[in-house]
Amino acid sequence: AQSVTQPDIHITVSEGASLELRCNYSYGATPYLFWYVQSPGQGLQLLLKYFSGDTLVQGIKGFEAEFKRSQSSFNLRKPSVHWSDAAEYFCAVGALGGSQGNLIFGKGTKLSVKP
Amino acid sequence: ETGVTQTPRHLVMGMTNKKSLKCEQHLGHNAMYWYKQSAKKPLELMFVYNFKEQTENNSVPSRFSPECPNSSHLFLHLHTLQPEDSALYLCASSQEQGEPTGELFFGEGSRLTVL
Chain A
54 AQSVTQPDIH ITVSEGASLE LRCNYSYGAT PYLFWYVQSP GQGLQLLLKY
104 FSGDTLVQGI KGFEAEFKRS QSSFNLRKPS VHWSDAAEYF CAVGALGGSQ
154 GNLIFGKGTK LSVKP
Chain B
192 ETGVTQTPRH LVMGMTNKKS LKCEQHLGHN AMYWYKQSAK KPLELMFVYN
242 FKEQTENNSV PSRFSPECPN SSHLFLHLHT LQPEDSALYL CASSQEQGEP
292 TGELFFGEGS RLTVL
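Each protein sequence line maps, in turn, to chains A and B.
Once you know that position 58 of the first sequence is 111 in the numbering used here, the rest is easy, because the numbers rise by one and skip nothing.
Once you know that position 91 of the second sequence is 282 in the numbering used here, the rest is easy, because the numbers rise by one and skip nothing.
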C-alpha cells in the first residue's frame with residue numbers, strides 16, 4: 054500500500070539553527086515527491102518537488118530536499134531557520150500518470166521556532 | 192487577491208442543516224479538488240474535477256455532494272452531516288496538461304463544525 058510517514062509530529066528549533074524534517078514513503082512505482090508548507094490559518098503551499106534527475110532539489114524560502122531511493126526517504130532541510138518558518142510541513146507522494154491532485158500526504162510535522 | 196478563494200471561512204451547522212461551501216479560482220486552471228483535513232490525520236482527497244467533469248470520488252459519503260458549474264467554481268453541498276465531519280475543507284486547483292507538475296494551489300480552507 055502506498056503511504057507516507059513523517060515520524061516527527063512536532064519539532065522545536067532555535068532561530069538560526071539548522072533543520073531537517075524526515076519523510077519516508079512506500080510506493081510501488083517511481084514516485085513524484087513533494088513538500089508543502091501550511092502556515093496557521095492558511096492553505097498549503099508547494100515548497101519543492103522531485104520528479105527525476107538530480108536527487109538534491111532546491112525550493113522556495115531557502116529549503117532543499119534530498120531523494121534517497123535506497124532509504125525511501127525525501128528529507129527536507131534548511132541550514133538556518135527563521136522565525137517565519139514556523140508552520141506545518143507536509144510530505145506527499147504522487148504517481149506518474151496520476152492526476153495532479155491525487156497525492157498521498159503524510160500527517161505533517163509542526164515546526165516551532167524559539168527566539 | 193488570492194488565487195483560490197473559499198467561502199465561508201468558518202461554518203457551524205447542526206446535523207439536520209443544509210449548507211454549501213464555495214471555492215473560486217482565478218488562475219485559469221482546468222482542475223479543481225476538495226480535500227478534507229482532520230486533526231491528526233493525513234490530508235484526504237475527496238473529489239477531483241477536470242474540465243468540469245468529476246474524475247474521482249474517493250468513497251466519500253453521499254451527504255457530501257460536489258458541484259462544478261465551470262472550471263473556475265467548485266461547490267461542496269453538505270446535508271445531514273455528522274460531528275465527525277467537522278474538519279477543515281480545502282479547495283485546490285491545478286493545470287492538468289501533459290506531464291503533471293504536482294503543484295496544487297490551495298485556498299485557505301473552510302473550517303466546518305458540526306454540532
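Note that CB positions come from ideal geometry on N, CA and C, so glycine has one too.
Below 9 Å between beta carbons: does that hold for B:K243 and B:P257?
9 Å or more divides the Cβ of B:K243 from the Cβ of B:P257.
Which residues in the same chain have their Cβ closer than 8 Å to the Cβ of B:T207, if we skip the five residues on either side of it in sequence?
Excluding sequence positions up to five before and after B:T207, its CB lies within less than 8 Å of the CB of T271, all in the same chain and listed in chain order.
Cα-Cα separation, A:G94 to B:Q288
30 Å
DSSP on B:Q273, reduced to helix/strand/coil?
B:Q273 falls in the coil class under three-state DSSP.
Within this structure, are the beta carbons of A:G112 and A:K102 separated by less than 9 Å?
yes
Given this structure, state the Cα-to-Cα distance separating B:L306 from A:Q91, to the nearest angstrom.
27 Å
Are there three or more Cβ pairs, one per stretch, closer than 8 Å when the region 220-235 of chain B is compared with the region 268-287 of chain B?
yes
Secondary structure of A:G115, DSSP reduced to three states:
helix
B:P252: buried (16+ other C-beta within 10 angstroms of its C-beta) or exposed?
exposed
Taking Cβ-Cβ distances shorter than 7 Å, what residues in chain B pair up with A:Q95?
E299
Could you tell me the alpha carbon to alpha carbon distance between B:R254 and B:T196, rounded to whole angstroms?
23 Å
Given 8 Å, three or more beta-carbon pairs between the region 205-220 of chain B and the region 115-127 of chain A
no
Alpha carbon of B:F266 to alpha carbon of A:A140, nearest angstrom:
Computed Cα separation, rounded: 28 Å.
Who are the Cβ neighbours of A:S165 in its own chain at under 8 Å, not counting the five residues just before and after it?
H63, I64, T65, V66, A139
Indicate whether at least one CB of chain B lies closer than 9 Å to the CB of A:L99.
yes
Which whole-angstrom value describes the C-beta separation of A:Q59 and A:C76, a residue pair presumed to lie in contact below a C-beta threshold of 8 Å?
6 Å
Using a Cβ cut-off of 9 Å (strictly closer), state whether B:K232 contacts chain A.
yes
If you measure between the beta carbons of A:L156 and B:L295, is that distance less than 9 Å?
yes
Less than 9 Å between CB atoms is the rule here; does A:A70 satisfy it with respect to chain B?
no
Name, please, each residue of chain E whose Cβ falls closer than 8 Å to the Cβ of A:G159.
Absent here is chain E; the protein component of the structure consists of chains A and B.
How about A:L86 and A:V134: are their beta carbons less than 9 Å apart?
no
Give me the chain A residues within the contact set of B:V195, using Cβ-Cβ distance strictly less than 8 Å, ordered along the chain.
G96
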